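Residue numbers (our numbering), protein chains in the order written: chain A, 1 to 111; chain B, 1001 to 1115.
Remarks on the structure that follows.
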């Protein structure tokens, strides 16, 4: 059974601090790893799709790295702002148009 | 920019009734995915379509069926509704050419309540 795990489950961060969290996925038969941001009462929004070992992608203050050999990806947020409060989901592409989703890391930014 | 459209946004049905959820993907997107999110749960993949053909199937009950039409919109048909079917149903679309390398764009969801 393919499993995608995210840690921590939730995170409280002071505004202005930087933070990071982890997504672990199967290291064999890797196709792609997706990161999504999901704010309450909204639909998930794509952040990154990572495909190559060693990939590092950046969007504003958010960046992500990928290690396919050991099966993990880190998401970093620099200088957290209240608008960063959301659940961050990673999803592992298993081919045949299916993503296996992690349970998410709920990030709460304290002003 | 055009986004994924889902209708209706809210639906209330009684047990054993039938419901139809519709999804209109972003123009030129040929792949549609359906997800179910129960209260306090992560999204569960139900089914996906690429170029009007079913491409993969997840944890979709036999009581549910779906199809993608010639204009690429998709419908999720749910019969003999049960209380446990109450959930938020998301549709997402992507361009299927690059497989998992293209991000999915999600619609606003349809909240189904079964009473």
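Backbone N, C-alpha and C fix where the C-beta goes; we use that ideal spot for every residue, glycine too.
Computed from a prediction, not measured in an experiment: that's the story for all the values here.
Which partner residues of residue i appear in the DSSP bridge assignment?
i               : result
residue 32(A)   : 93(A)
residue 1035(B) : 1045(B) and 1090(B)
residue 1073(B) : DSSP lists no partner for residue 1073(B).
residue 1028(B) : In DSSP, residue 1028(B) forms no bridge with anything.
residue 1113(B) : 1012(B)
residue 99(A)   : 93(A)
residue 37(A)   : 45(A) and 88(A)
residue 1002(B) : For residue 1002(B), which the question treats as bridged, DSSP gives no partner whatsoever.
residue 56(A)   : 65(A)
residue 20(A)   : 76(A)
With 16 other CB atoms within 10 Å as the buried threshold, where does residue i fall?
i               : result
residue 1102(B) : buried
residue 1085(B) : buried
residue 1100(B) : buried
residue 1062(B) : exposed
residue 1012(B) : exposed
residue 1029(B) : buried
residue 1106(B) : buried
residue 82(A)   : exposed
residue 1083(B) : exposed
Considering only their Cβ atoms, is the gap separating residue j from residue i smaller than 9 Å?
i               : j               : result
residue 1040(B) : residue 1047(B) : no
residue 68(A)   : residue 99(A)   : no
residue 1036(B) : residue 1025(B) : no
residue 20(A)   : residue 75(A)   : yes
residue 3(A)    : residue 25(A)   : yes
Could you tell me if the beta carbon of residue i falls within a distance shorter than 8 Å of some heavy atom in the ligand GDP?
i             : result
residue 92(A) : This structure lacks the ligand GDP, and indeed carries no ligand of any kind.
Show which residues of chain C have a CB atom less than 7 Å away from the CB atom of residue i.
i             : result
residue 43(A) : Any reference to chain C falls outside this structure, whose protein chains are A and B.
Item checked: Given 8 Å, three or more beta-carbon pairs between the segment 57-70 of chain A and the segment 32-49 of chain A -> Taking 8 Å as the limit for Cβ pairs, the verdict is that the segment 32-49 of chain A does touch the segment 57-70 of chain A.
### Task
With 7 Å as the C-beta to C-beta threshold (strictly closer), list the residues of the segment 3-24 of chain A near chain B in chain order.
Of all residues in the segment 3-24 of chain A, none has a Cβ within less than 7 Å of some Cβ in chain B.
Original post:
Below 8 Å, can you find three or more Cβ-Cβ pairs linking the segment 27-45 of chain A to the segment 73-87 of chain A?
Top reply: Touching, yes.
- Query: Are there three or more Cβ pairs, one per stretch, closer than 8 Å when the segment 1061-1077 of chain B is compared with the segment 1013-1022 of chain B?
  - Reply: Segments in contact, yes.
- Message: Please list, in chain order, the residues of the segment 93-104 of chain A that have any C-beta partner in chain B closer than 9 Å.
- Response: If the cut-off is 9 Å between Cβ atoms, the segment 93-104 of chain A has 93, 94, 95, 96, 97, 98, 99, 100, 101, 102, 103 and 104 near chain B.
Requested in this report: Could you name the residues of the segment 1016-1046 of chain B whose beta carbon sits closer than 9 Å to any beta carbon of chain A, in the order they occur along the chain?
Outcome: Correct list: 1031, 1033, 1035, 1041, 1042, 1043, 1044 and 1045.
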